[in-house]
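My numbering puts the first residue of the sequence shown at 10, with every later residue one more than the last. For every residue, glycine included, the Cβ atom is placed at its ideal position computed from N, Cα and C. Small disclaimer: the values here were computed from a predicted structure and weren't measured. In what follows, a single structure is set out as structure tokens and then discussed.
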Amino acid sequence: MEESFIYVIFGASGDLAKRKLIPAIYALYVQNLLPDNFAILGVSRTKYSDDAFRSNMVKALEQFNETNNSDKISEFAERLHYSALQYDDAKAYEMLSKRLSVLEKQHDIQGNTMFYLSTPPELYGVIPQKLAAAGLNKQDKGWKRVIIEKPFGYDLDSALELKDMLLEDWEEEQLYRIDHYLGKETVQNLLVTRFSNGIFEPLWNSRHIHHVEVTSSESLGVEGRGGYYERSGALRDMVQNHLLQVVALTAMEPPATLRPDAIRNEILKVFQSLRPIGKEDVKDAALRGQYVASTIKGLEVPGYREEEGVQKDSTTETFAALKFYIDNWRWGGVPFYIRTGKRLPTRVTEVVIHFKPTPHSLFSGQVDCSTCNQLVLRIQPDEGILMKFGMKIPGAGFEVQNVNMDFHYSDLANQRMPSAYERLIFDSIKGDSTLFARTEEVIEAWKFVMPVLDAWKNDPEIPLHGYPAGTWGPEKADDLIDDPGMTWRYPCKNLASDGTYCEL
Ligand code: BG6
């Protein structure tokens, strides 16, 4: 890459910078994917000298380096600098502007600057506004871009407010909204699987597909993030963003080209085709749960309400499941099911395409669609693809049994899976916004989840189901799939001898 740049990380003393951002930039550096001239400026409220910041980041890299090359850590550290700044102090941004000019001279950089906001979301409006007031949004001497992390707003109103605030001083093309799921190799592979294989696309529609299921389960609880999670809950934390993006890539039409807007236009069309869940339909189309204390493999695990930072009578959901439709020609009448939750038996994210049964059932064993063909696109872990299809059981008669044909990413020997941040940071530097959420997508996704959020907040008749930590969520979630013989796919089974076995 030719273009020199400065990467400014706001919130540089925080966890994300240490664990993900600096290691991702280092990984790009050791692969020679960065230009000769670049610098990183850490910014946060805490006072550090450049040296103290450098030595903290070197320690972080020793711990979180994602490559097997640590030889270049000290030369990489020479690019690291630091400035303390009070986020709401206009003068501080003028100082920042001066510091950037000094660094540009020092590292021979031509004015390109990235501002990465790894800060609490309350600052997403303020920082870009103050940057602009100090003239740091002007692109006369090089590009200026802002990256923000989710959550993009707390609800539809605040998302619209944030949008207006940002667009007052910045062009849409300068704004990069990170949804780290879009940076995952296997999420991108949804596009390649669909649009580079002649066999799938003709079947990818309501004529052949019975329903689509997206699961993202986590075995961890809220892990010290109780304060954040209390205001969020599973629907805001995972569905409004990550899982709806996964649905969009699964359901979208082929884009005309691979250019950012061509892909993002198709994603937006999917969001615009989501059938709104009416207020009165929420109780049948959505289900929420909260984990309660339990014993997992002999260990006592606290319930959500016992977690630090969580109210004793909290009604925040740690499990959410939805049934909905995409009203367009491709998907008319095909139900989509999404579920996500914390403290479930295992960490797994997958998309399952359930195909329709044959028009007529010739063989025994093919009684309902639980034995139909399924295509499992495993996003994590054990990344890969699994196809299930019927085979004859050897012997007399025509007994059918489901068998698996699978591909594992790990079979691609010597291929390191870059982290989502590595990919997204690289794209942001190149100016490729394909894998970042555009304003309208974010707004449409909020519009879709708002009726559910409102009903869960205001309607006391809608139950919050408790589920023991370590189980697959409330049993009632099975009732969302109201087809006879159908349930969610449970990819992991508990084996008495060696713990848990997860198919793929
Ligand atoms: C984050 C959520 O966006 O995604 C977390 O805030 C969640 O609550 C995480 O644990 C899941 O990401 P991944 O990459 O581990 O599936």
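Check: D410 - containing beta strand (DSSP E), residue span; Outcome: Just to set this straight, residue 410 is Gln in the shown sequence, not Asp. Note, Q410: beta strand (DSSP E), 409–417.
Check: Span of the alpha helix (DSSP H), counted from its first residue to its last, around E103; Outcome: 99–116
Check: contact_flag[the segment 422–441, the segment 180–197] where n(CB pairs < 8 Å) is 3 or more; Outcome: yes
Check: C-beta contact flag for S226 and G144 at 7 Å; Outcome: no
Check: Under 7 Å between C-beta atoms of N413 and K397; Outcome: yes
Check: Proximity below 7 Å, CB of A486 to CB of A330; Outcome: yes
Check: Status (buried if at least 16 other CB within 10 Å, exposed otherwise) for N41; Outcome: exposed
Check: Touching by the beta-carbon criterion (3+ pairs, under 8 Å), the segment 95–114 and the segment 60–72; Outcome: no
Check: Sequence ranges, beta strand (DSSP E) only - wholly within the segment 280–327, length at least 3; Outcome: 295–301, 303–305, 308–310
Check: Supposed close pair S13, D117 - CB separation, criterion 8 Å; Outcome: 7 Å
Check: Own chain partners of L109 with C-beta closer than 8 Å, once the 5 adjacent residues on each side are dropped; Outcome: I15, V17, L50, T122, L145
Check: DSSP three-state assignment for A329, whether helix, strand or coil; Outcome: strand
Check: Host alpha helix (DSSP H) of F85 (start-end); Outcome: 82–86
Check: D45 CB to nearest heavy atom of the ligand BG6 below 6 Å; Outcome: no
Check: S92 vs V52 beta-carbon contact at 7 Å; Outcome: yes
Check: D246 CB to nearest heavy atom of the ligand BG6 below 6 Å; Outcome: yes
Check: Beta-carbon spacing of Y125, F85 below 7 Å; Outcome: no
Check: For L175, the first and last residue of its enclosing alpha helix (DSSP H); Outcome: 165–178
Check: Within the segment 25–78, ranges of the alpha helix (DSSP H) (whole runs, at least 4 residues); Outcome: 31–39, 59–73
Check: Integer-rounded CB distance, given that E449 should sit under 8 Å from L277; Outcome: 5 Å
Check: D188, buried or exposed, once every other Cβ within 10 Å from all chains shown has been counted against 16; Outcome: buried
Check: Opening and closing residue of the beta strand (DSSP E) in which P460 lies; Outcome: It is not in any beta strand (DSSP E) - P460 instead sits in the alpha helix (DSSP H) that spans 448–467.
Check: Bridge partner(s) assigned by DSSP for H219; Outcome: Answer is none; H219 lacks a bridge partner.
Check: Top-ranked residue by Cα proximity to L112, from H90, Y238, I218; Outcome: H90
Check: Whether I471 touches K332 by CB criterion (7 Å); Outcome: no
Check: Three-state secondary structure assigned by DSSP to T122; Outcome: strand
Check: Cβ-Cβ distance between A243 and T327 below 7 Å; Outcome: yes
Check: Bridge-paired residues (DSSP) for S225; Outcome: T349, T358
Check: Cβ neighbour criterion (16 or more within 10 Å) applied to H417; Outcome: exposed
Check: Contact between the segment 355–364 and the segment 311–328 (3+ Cβ pairs under 8 Å); Outcome: no
Check: C-beta contact flag for H219 and K365 at 7 Å; Outcome: yes
Check: Contacts around N74, its chain only, beta-carbon distance under 7 Å, and the 5 residues preceding and following it disregarded; Outcome: P32, Y35
Check: DSSP state of M400 mapped onto helix, strand, coil; Outcome: strand
Check: Element boundaries [alpha helix (DSSP H), containing F14]; Outcome: That residue, F14, is in no alpha helix (DSSP H); its beta strand (DSSP E) goes 14–19.
Check: Inter-residue Cα distance where the pair is L200 and D436; Outcome: 17 Å
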